[in-house]
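To keep things clear, I will list the structure first and then write my remarks on it.
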Amino acid sequence: MELIKQTVEALRESGPDVRRMVMGHTPQRKINSALGGKAWRIDVGASRGVLGGTPEVLEIVHMGGENGEDRVKVLTVDGDRIDGNERAVPDDVIMDFFDLKR
2 MELIKQTVEA
12 LRESGPDVRR
22 MVMGHTPQRK
32 INSALGGKAW
42 RIDVGASRGV
52 LGGTPEVLEI
62 VHMGGENGED
72 RVKVLTVDGD
82 RIDGNERAVP
92 DDVIMDFFDL
102 KR
């Protein structure tokens, strides 16, 4: 829980307009988010020496969605444009991964 608190606090301290943190060097099989879309992990381990993953791109269009909200998509080499919400990892998975107690 402390790690989650620290991440959310870092976002707050970064300024009033900061909505999310994008992180690399955290290899994942696919681009994904945590903390309700506030933390994005974009390192897909494309290097053969890491995961040999398939390249993906995180696209954030500021105020590009309905009601002036940011639009977040994951772009794939197959031409897919996946809504960012589909790549959200539930917080309980993160809590289990870090063996954090609520």
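According to our numbering, the stretch in the sequence shown is residues 2 to 103, in order. We put the CB at the ideal spot given by N, CA and C, even for glycine.
Beta bridge counterpart(s) of residue i as assigned by DSSP
i	result
residue 34	41 and 89
residue 83	75
residue 57	77
residue 51	Beta-bridge pairing links residue 51 to no other residue.
residue 22	40
residue 62	72
Range covered by the beta strand (DSSP E) that runs through residue i
i	result
residue 76	72-77
Integer Cβ distance of residue i from residue j, believed to fall under 8 Å
i	j	result
residue 64	residue 41	So it is not a contact: roughly 18 Å between Cβ atoms.
residue 38	residue 89	6 Å
Burial state of residue i (16 or more Cβ within 10 Å)
i	result
residue 45	buried
residue 85	buried
residue 68	exposed
residue 62	exposed
residue 74	buried
residue 3	exposed
Proximity below 8 Å, CB of residue i to CB of residue j
i	j	result
residue 28	residue 51	yes
residue 77	residue 57	yes
residue 35	residue 92	yes
residue 79	residue 20	no
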